[in-house]
Amino acid sequence: MIRTATIYLATLASFLLVDAVWLTVMTARLYRPLTGHLLADSVAWAPAVLFYLLYAAGIVCLAVLPSRRWEHVLARGALLGLVAYGTYDLTNHATLKGWPLAVTLADMAWGTMLTAAAAVAGYLAAARP
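So the working numbering is basically just the index in the sequence shown, starting at one, shifted up by 32.
Structural data, given as structure tokens:
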């Protein structure tokens, strides 16, 4: 139980920290210029917090816990990120008028890398003596 909690907290913290940097930098450079007409005036914190809590649990359950080697954790995390972010972005691209391909591609690449990195961070936190 303590091992799983350590993995979860390390995964969540690393995901939040790195994603916060990405969003801080890329909102002005990518998201606002291309999708500004769709962005809310302020963040709805309850669904945002719920997303991070649930997604970190998904990373732990689907990428970290089933794997014994960091390479497998990395691959499973990357696949999860590609599928999750791809689901969001490709659905938006298919259904929203004017959803930019650049956002779809950037988001999918980002989600793949971020999820893989957070999964490895969780794995390494549990692997520490």
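Glycine residues also receive a C-beta, built at the ideal position from the N, C-alpha and C atoms.
- Counting C-beta pairs with one atom in each stretch, the segment 98–112 and the segment 147–159 have three or more that are closer than 8 Å, which means they touch.
- Beta-carbon to beta-carbon, residue 76 and residue 44 are separated by about 19 Å, too far to satisfy the 8 Å threshold.
- Non-local C-beta neighbours of residue 54 in its own chain, meaning closer than 8 Å and more than five positions away in sequence, comprise 142, 146, ordered along the chain.
- Assignment of alpha helix (DSSP H) within the segment 108–144, counting only whole runs of 4 or more residues, yields no such run.
- Distance check between residue 115 and each of 52, 80, 94 places 94 closest, using alpha-carbon atoms only.
- From the listed residues 46, 158, 34, 42, the smallest Cα separation to residue 101 is found for 158.
- Linking residue 126 to residue 112 through their CA atoms gives a straight-line distance of about 21 Å.
- The beta carbon of residue 121 sits closer than 6 Å to those of 136, 139, 140, all from its chain and outside the five residues before and after it, given in chain order.
- In the assembly as shown, residue 109 is a buried residue. Its beta-carbon has 16 or more other beta-carbons within 10 Å.
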